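The numbers in this note's numbering rise by one with no breaks, and the one at position 13 of the sequence shown is 563. Cβ atoms here follow ideal geometry from the backbone N, Cα and C, with glycine treated the same way. Note that the structure is predicted; figures quoted are calculated from it, not measured. Notes for the one structure printed next.
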Amino acid sequence: MSQQSNDGSHDLNTYHLDDDARWLDWPSCPECGRNRQTYCPTCDIAGDQFPLAEYIPAAAPVQTTRRDTGCACKSCGDGRGEGHDEDHAPVLLMCPSCDEAFAPKFFRLCEECGHDFGDGRQVESSEPEELSERALYVIVAIGALTLGLLAYWWYLFQA
């Protein structure tokens, strides 16, 4: 199903899905039309080609202990009672890297064109870190050691 590279990691850009495993209502960018990027919260791999995970709804309780007060999902106002959640089953995707099912949480910005969706995971820009004083001392010490070794070898081969 997925293609693995030589280092064992999965490449989601070349991930080929069967029609049964593809989420047909994947949200896309209104500007460029590319699918929104999501990520696996377990292994933090990002992509837009995750296959659908199997959804097994929770079993109905054997004995109802509460009065039926309407739809349990509280989103439709239908009043059909418990069990109506099956009609509003959440979309679960399967990560090909760690084989964990997860509900998609999308990135805030489109990877292709930079469109801001207004909600989603904000990725911090990675600014280059400054070298600490300790790192500079290590670099200078390695350089001095290398120069010392070169001078020693030059002295040995001159004789």
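Quiz item: Can you round the beta-carbon distance between phenylalanine 656 and glycine 670 to whole angstroms, since I take them to be within the 8 Å contact cut?
Solution: The distance from the Cβ of phenylalanine 656 to that of glycine 670 is about 5 Å, consistent with a contact at the 8 Å cut-off.
Quiz item: Helix, strand or coil for leucine 529 per DSSP?
Solution: Residue 529 cannot be examined here, being either before or after the span of the chain that is shown, 551 to 709.
Quiz prompt | Cβ-Cβ distance between serine 682 and cysteine 593 below 7 Å | solution = For serine 682 and cysteine 593, no; Cβs fall outside 7 Å.
Quiz item: From Glu661, Glu581, Cys582 and Leu695, pick the residue whose C-alpha is nearest to that of glutamine 672; which is it?
Solution: The shortest CA-to-CA distance from glutamine 672 to any of Glu661, Glu581, Cys582 and Leu695 is the one to Glu661.
Exercise. Could you have a look at aspartate 628 and say whether DSSP puts it in helix, strand or coil?
Key: Summary for aspartate 628: the model assigns pLDDT 47, below 50, so the residue's position carries little reliability; its value from the coordinates is reported in the next sentence. Aspartate 628 carries a coil assignment under DSSP once its states are collapsed to helix, strand and coil.
Quiz item: Going by Cα to Cα distance, which pick from Val641, Gly693, Gly583 and Pro591 is closest to glutamate 604?
Solution: Of the candidates Val641, Gly693, Gly583 and Pro591, the one whose C-alpha sits nearest the C-alpha of glutamate 604 is Val641.
Quiz item: Does the separation of the CB atoms of proline 577 and arginine 586 fall below 7 Å?
Solution: Result yes, Cβ atoms of proline 577 and arginine 586 sit closer than 7 Å.
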